[in-house]
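Going by the UniProt record's numbering, the sequence shown opens with residue 1, and the numbers climb by one from there. Quick reminder that beta carbons are idealized off the backbone N, C-alpha and C, glycines included. Inspection log for the structure reproduced underneath, given as structure tokens.
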Amino acid sequence: MVTLKDVKENLLVKTFIQKGNEHLGQMGYTDHGFIHVSLVANRSREIMIKLGYDERTAELAGIAGYMHDLGNVVNRNGHSQSGALIAMEILRRMGMDPAEVAVIGAAIGNHDEGNGHPVNEVAAALILADKSHVHRNRVRNTDVSTFDIHDRVNYAVKESNLIVREKEKVITMQLTIDTSICPVMEYFEIFLSRMLMCRRAADFLGCQFELIINGAKLL
1 MVTLKDVKEN LLVKTFIQKG NEHLGQMGYT DHGFIHVSLV ANRSREIMIK LGYDERTAEL
61 AGIAGYMHDL GNVVNRNGHS QSGALIAMEI LRRMGMDPAE VAVIGAAIGN HDEGNGHPVN
121 EVAAALILAD KSHVHRNRVR NTDVSTFDIH DRVNYAVKES NLIVREKEKV ITMQLTIDTS
181 ICPVMEYFEI FLSRMLMCRR AADFLGCQFE LIINGAKLL
């Protein structure tokens, strides 16, 4: 069976992640490189494990998390769909079972808030893992005076955690935000659609979704 370790060692995957992140950097986007995809892979896998899914499903979630941004090598627009097609072809060449390829392709193709849906448990885990990674270390712009709203929101987040309370069936996104850099309302201005998508993903997994910012429960 194809494993997350196999995927991480694949030259195409390595190159597409690196080059896609370079392309986004030229357009002023936050970091989408190896740190991001590794964190998303780990969180996706952890969600599945904590909610009692089998080890293979958790492994598929990790693979989807690691490959979810491959489409950035083509274009940011439609990157979830192009990334799904790229990932499916790479996994097919690696000899993955077609049913597993379909699960991962669907998850990657549905992780973007513009048109994505939690169509399976791996997709739901990927959505929660990806949308919960907001942090100041993703900001590439070193000139604070030229920050746009995305830079401000990410830079304002000093701590970001995704907590799965499996017994209570609650998934909590917990943020600590420096409100002198970005008011909480500004966070909602650009991330409300992401939070609503997280709520749908948690619901698919039979859980409630909570958003807690600076100790206050907002969702």
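The stretch 37 to 51 and the stretch 127 to 136 touch, with no fewer than 3 CB-CB distances between them shorter than 8 Å. Residue burial annotation: R138 is buried, with at least 16 other C-beta atoms found within 10 angstroms of its C-beta. Going by beta carbons, F209 and A202 fall inside the 7 Å limit. A Cβ-Cβ distance of about 31 Å is found for the pair L205 and L12, leaving them out of contact under the 8 Å criterion. Approximately 15 Å separates the beta-carbon atoms of D69 and R140; this is outside 8 Å, ruling out the contact. For the options H111, L218, G116, G28, the alpha carbon positioned closest to that of T146 is the one of G28. By the neighbour-count criterion, in which a residue is buried when 16 or more other Cβ atoms sit within 10 angstroms of its Cβ, T15 is exposed. Excluding the 5 residues flanking it on each side, H79 has same chain C-beta neighbours closer than 6 Å at G71, N72, in chain order. Contact annotation: I213 and L162 have beta-carbon atoms that are not nearer than 7 Å. For E168, no alpha helix (DSSP H) segment is defined, and its DSSP state is neither H nor E. Sorting G95, R76, L4 by C-alpha distance to the C-alpha of H23 places R76 at the top. DSSP, read as helix, strand or coil, puts N77 in coil. Taking 7 Å as the cut-off, the Cβ atoms of V122 and V153 do not count as close. Shortest Cα-Cα distance from T179 to any of M173, T172, F188, I171 involves F188. Here I163 is bridged, per DSSP, to T172.
In summary, P98 is exposed, with fewer than 16 beta-carbon neighbours lying within 10 Å of its beta-carbon over all protein chains present.
Among the bridge pairs identified by DSSP, E210 is matched with T172. Minimum Cα-Cα distance from A107 among the listed residues L39, L219, M96, L60 corresponds to L60. A64 is positioned such that its CB atom lies closer than 7 Å to that of L126. Per DSSP, the unbroken alpha helix (DSSP H) holding P98 starts and ends at 98 to 109. Assigned with DSSP and collapsed to three states, V2 falls in coil, not helix or strand.
When the alpha-carbon of G105 is set against those of N115, L91, E113, the nearest one is in L91.
A check of alpha carbon separations from E168 across I181, C207, N115, T57 identifies C207 as the nearest.
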